[in-house]
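Undergrad: Following this message is one structure expressed as C-alpha cells.
In the numbering used here, the protein residues as written are 2 to 312.
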C-alpha cells in the first residue's frame, strides 16, 4: 500500500524541482540562523507592542515612527543576509571548516564551547566595530537612535554582510566547530540581546549582573556620556568586558544619554545605512599619501590625519 509520504515524494519528483531542492538544501542548512530570526520576530513584535503601551506617553523613551523605522532597518538587514550570505560568507566558512584542525562531534560540552566561543568572538567583533572605522560605518546605525527600547535592537545595517565582520568567527571553523552551529549560536546570542534593549528593567540580582550582559550594562553601552562611550561590548556574557578592561557600571546619578556624538543628517533609511561610509570615503579622498589615507579604514572613527588636526 502506497504511503502518504510516497505520494508526496512522487509529486515532488514529477515536479522537476527535486534537483533544485538538492542544490539549495546545503545553503539553507547553513543559514539556520535566519530561521531562528523568523521564529523570534513575532515575539519581538509582541514585546515591542507591550513596551509601547507602557512608555508611549514619554517621547524621550518611545517614538512610534522611529520604532517602525527600526523594524524596517531590521528587515533590510535580514533580507541582505538571506540573499547574500550564501555567496559571500558561507563559502569561506566551508573552506575553513574543510581544513579544520580537529573533528569535534556535536555533544553537549562541544555545544557549550561553541556558544562560549561565539560569544568571545562577538566581543572582539563588537569592540572592533566601535574602534575601527570601516566596521563602525556599518554598526553606527545601531547607535544612532536617541532612545533605548526593544525596537532599537532591530536597528541593523543592511551592509553588514558586505563589510566582513563575519570574518571574526572564522577561527572557530578552523578549529573544527561546525559553521551551522556557529550560525545557530550567533543567532541565539542576538535573540538574547534583543531583551537587553530596554529601560523598563533596572537592576537584576548581583550574580546575574556580574556574569551576564543585562539591560543596565547595555544602557551604558548605548550612552554617549563621557565615560560611557565604547564600554560594555559583551553579547551574552559581560565577563569579557571585566577580563579585558572595558566594563563600566551604570551610575544612577548619571543616566545614559543615547545616540551618537555626531547627529545623522536625516532619518531616511538609505542615509541611516550609508552616511558613515560617505564620511569615511570623503576623509580618505582628501589629499595625502596613500598609506595615510588608507589608515582611515582601520583607525578609530575620531582619528584624523596630522594635516587635518593642524588645519
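Note that beta-carbon positions come from the ideal geometry of N, C-alpha and C, so glycine has one too.
1. Mind listing, in chain order, the continuous alpha helix (DSSP H) runs of no fewer than 4 residues lying wholly within the region 42 to 116?
2. Can you give the Cα-Cα distance for residue 40 and residue 91, rounded to whole angstroms?
3. Let me know if residue 209 comes out buried or exposed under the rule of 16 or more other beta-carbons within 10 Å of its beta-carbon.
4. From this set, 109, 166 and 212, which residue's C-alpha is nearest residue 133's C-alpha?
5. I'd like to confirm the pairing. Which residues does DSSP put opposite residue 213 in its beta bridges?
6. Let me know if residue 100 comes out buried or exposed under the rule of 16 or more other beta-carbons within 10 Å of its beta-carbon.
7. Do the region 143 to 155 and the region 47 to 61 meet, that is, are 3 or more Cβ pairs less than 8 Å apart?
8. Hey, is the region 268 to 286 in contact with the region 66 to 79, meaning 3+ C-beta pairs nearer than 8 Å?
9. Report yes or no: do three or more beta-carbon pairs, one from the region 290 to 304 and one from the region 246 to 256, lie closer than 8 Å?
10. Determine whether the beta carbon atoms of residue 178 and residue 105 lie at a separation below 8 Å.
11. Out of curiosity, what's the CA-to-CA distance linking residue 130 and residue 62?
12. Between which residues of its own chain and residue 202 is the CB-CB distance below 7 Å, once the five residues before and five after are set aside?
13. According to DSSP, simplified to helix, strand and coil, what is residue 246?
14. Does the ligand GTP have even one heavy atom less than 7 Å from the beta-carbon of residue 223?
15. Taking all protein chains shown into account, decide if residue 247 is buried (16 or more other Cβ within 10 angstroms of its Cβ) or exposed.
16. Give the DSSP bridge partners of residue 224, in chain order.
17. Of all the options 240, 282, 296 and 233, which has the alpha carbon lying nearest to the alpha carbon of residue 128?
18. Looking at the secondary structure, which residues open and close the alpha helix (DSSP H) in which residue 197 lies?
19. For residue 188 versus residue 34, is the C-beta spacing smaller than 8 Å?
20. Which whole-angstrom value is the C-beta distance of residue 274 and residue 176, which I expect to be below 8 Å?
21. Are the CB atoms of residue 145 and residue 228 within a distance shorter than 8 Å?
22. Mark residue 237 as exposed unless 16 or more other C-beta atoms lie within 10 angstroms of its C-beta, in which case mark it buried.
23. Using the Cα positions of residue 170 and residue 119, report the straight-line distance between them to the nearest angstrom.
TA: In brief:
1. Qualifying alpha helix (DSSP H) stretches, in chain order: 65 to 89 and 91 to 99.
2. The alpha-carbon atoms of residue 40 and residue 91 are separated by roughly 22 Å.
3. By the 16-neighbour rule on beta-carbons within 10 angstroms, residue 209 is exposed.
4. Distances from the CA of residue 133 to each of 109, 166 and 212 were compared; the closest alpha carbon is that of 166.
5. The partner list for residue 213 (beta bridge, DSSP) reads 238.
6. So residue 100 counts as exposed.
7. The region 143 to 155 vs the region 47 to 61: in contact.
8. With the cut-off at 8 Å, the region 268 to 286 and the region 66 to 79 touch.
9. The answer is no - the region 246 to 256 does not touch the region 290 to 304, with fewer than three Cβ pairs under 8 Å.
10. The Cβ-Cβ distance between residue 178 and residue 105 falls below 8 Å.
11. Taking the straight line from one Cα to the other gives about 25 Å.
12. Excluding residues within five positions, the ones whose Cβ falls inside 7 Å are 216.
13. The DSSP-derived three-state label of residue 246 is coil.
14. The ligand content of the structure shown is nil, which means the ligand GTP is not present either.
15. Buried, by the Cβ-count rule.
16. Beta-bridge pairing links residue 224 to 259.
17. The shortest Cα separation from residue 128 among 240, 282, 296 and 233 belongs to 233.
18. Counting along the chain, residue 197 falls outside any alpha helix (DSSP H), and DSSP gives it neither H nor E.
19. The answer is yes: Cβ separation under 8 Å.
20. In fact, because the Cβ distance is near 33 Å, the residues do not count as touching under 8 Å.
21. Inclusion of residue 228 and residue 145 in the CB contact set at 8 Å is not warranted, their separation being larger than that value.
22. A buried status is given to residue 237, since no fewer than 16 other beta-carbon atoms sit within 10 Å of its beta-carbon.
23. Each residue's alpha carbon lies about 7 Å from the other.
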